[in-house]
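Here is the structure we will look at.
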Amino acid sequence: MEPLHEPVLRWYDAHARDLPWRRPDATPWAVLVSEFMLQQTPVARVLPAFPAWLERWPTPAALADAPSGEAVRAWGRLGYPRRALRLHAAATLIVEDHGGEVPAGYDDLLALPGVGEYTAAAVASFGFGARHAVLDTNVRRVLARAVQGVALPTVSVTRGERTLAASLVPDREPARWAVAVMELGAMVCTATAPRCDPCPIADRCAWRAAGGPPYDGPPRKPQPYDGTDRHCRGALLAVLRDADGPVREELDKAWPDTPQRTRALAGLLDDGLVVERAGRGYALPG
DNA sequence: TAAACGTGGTC
DNA sequence: TGACCAAGTTT
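What follows is the structure, given as structure tokens:
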């Protein structure tokens with residue numbers, strides 16, 4: 000039978016989105032920045048933030064030279080602002096340990112703060128054309144359906160998935176396969192209401208062949224937000240991002256519940272997202 | 001391993 | 001309207 004990658008690559012050739020971090024002139028640094036921004040964040044929200052970031056900090060050295068608080072401020076409302084701090088720390092480490100060049104090796108990438116299994120494989124693959132299994136939520140869903148015949152993958156990556164994903168990587172154009180299967184998951188084999196009609200592998204999809212049975216695994220935990228400490232942290236950080244200098248009363252106003260505000264602020268200080276300015280209030284790190 | 005960690009769009 | 005979801009990592 001025709002290998003799985005062939006119809007997927009043909010589909011990708013015809014339907015790939017023109018995303019800035021996929022262009023031939025995208026540097027490994029640009030790829031790294033895009034991957035940080037895309038962690039748990041939709042493409043549509045990254046699209047405007049990505050070029051603005053690169054224009055300001057076109058190299059790891061440029062970002063490393065800036066205060067970490069400026070990275071947090073520029074991160075804006077992308078969410079999970081610790082990513083900005085980690086990207087800044089990664090840039091610093093790239094300057095210190097790799098001469099200012101994003102390392103090409105998986106292990107060196109994995110050693111960078113904020114870079115896990117997925118991001119290391121993605122940067123090695125998209126930034127350098129290396130051959131890696133790139134297993135993100137999109138790919139996991141495609142494989143769960145097409146190969147395993149179930150509606151959705153398990154909560155965490157299994158050994159079996161890694162083995163399966165590795166077995167599917169072609170020798171020719173491995174990075175193109177990685178981006179193609181991700182794109183298929185993002186645009187066609189979506190989490191809800193998959194569009195099987197245009198799917199290039201619908202005729203060999205195990206899930207479809209089984210009649211599209213619903214997800215039957217353990218219940219997935221919903222993620223509350225309203226009124227949580229996370230919500231409070233977000234509100235406090237929004238004030239700090241918009242402030243020029245140290246603030247105190249603005250924070251009190253932004254979140255009147257004092258015990259929770261105090262707890263959240265302590266967490267932000269602990270994370271290094273906020274610093275205290277001797278007796279004058281709080282600010283982003285200088 | 002489970003829980004924490006932002007934010008906003010969608011059906 | 002509200003629950004679900006989005007190119008994860010860290011502890």
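Count the first sequence with numbering that gives the first Met the number 0 and you get residues 0 to 285, in order. Built from N, CA and C at the ideal position, the CB exists for glycine as well.
Residue j beta carbon less than 8 Å from that of residue i
i	j	result
R140	A177	no
V168	R130	yes
L53	V45	no
P59	V101	yes
L183	W10	yes
A61	H87	no
T162	G216	no
Euclidean distance between Cα positions of residue i and residue j
i	j	result
P218	L151	12 Å
E160	V146	10 Å
D300	W28	Here the chain covers residues 0 to 285 and nothing more, so residue 300 does not appear.
S33	Q39	12 Å
A242	A277	17 Å
G332	G244	In this structure the chain extends from 0 to 285, so residue 332 is not present and cannot be described.
G126	V30	6 Å
G285	G104	32 Å
A48	Q222	25 Å
P6	C195	14 Å
M288	I200	Given a span of 0 to 285 for the chain in the structure shown, any question on residue 288 remains unanswerable.
R262	A15	45 Å
P213	C188	14 Å
Y281	E249	10 Å
L267	V273	6 Å
F35	D202	35 Å
D12	P41	22 Å
T118	V246	36 Å
E95	A89	10 Å
A209	D170	31 Å
G226	C198	41 Å
L3	S166	11 Å
T257	R22	48 Å
R240	L283	7 Å
G98	Q259	43 Å
D269	W254	19 Å
R158	M186	26 Å
G78	K220	20 Å
C204	M181	16 Å
E275	Y224	26 Å
P173	L108	18 Å
Given residue i as reference, the closest of the options once Cα atoms are compared
i	options	result
G271	L84, P23 and Y79	L84
A51	V133, D64 and W20	W20
K252	L268, C231, A265 and P66	C231
A110	F125, I93, S124 and G98	I93
G211	P193, E116 and L264	P193
D135	E116, Q259 and R144	E116
A123	M186, R175, L62 and Y281	R175
R72	Y224, V238 and P6	V238
A164	G148, T153 and V138	V138
T91	L77, Y79, G98 and A63	A63
A25	A89, K220, G128 and G78	G128
P112	R82, R158 and A234	R82
R289	P173, R279, P255 and G233	There is no way to answer for residue 289, as the model of the chain reaches only from 0 to 285.
Presumed contact (8 Å Cβ cut-off) between residue i and residue j, rounded CB distance
i	j	result
L179	L18	Inspection of the sequence shows that residue 179 is occupied by Ala rather than by Leu. That pair is no contact at about 13 Å.
W206	V156	About 19 Å separates the two Cβ atoms, so there is no contact after all.
A143	V133	Not quite, the Cβ-Cβ distance comes to about 16 Å (not below 8 Å), so this is no contact.
L236	P80	6 Å
A65	W56	7 Å
Contact test: residue i Cβ vs the ligand NAP heavy atom, cutoff 7 Å
i	result
P19	Inclusion of the ligand NAP in the displayed structure is not the case, the ligand content being empty and no account of it being possible.
What runs of the beta strand (DSSP E), each 3 residues or longer, lie entirely inside the stretch 146-181?
-> none
Tell me the start and end of each unbroken beta strand (DSSP E) in the stretch 1-81 that is at least 3 residues and wholly inside, in chain order.
-> none
Ordered list of alpha helix (DSSP H) runs contained in the stretch 199-227, each at least 4 residues = 205-208
Every unbroken beta strand (DSSP E) within the stretch 236-280, with a cutoff of 3 residues, ordered by chain | 274-276
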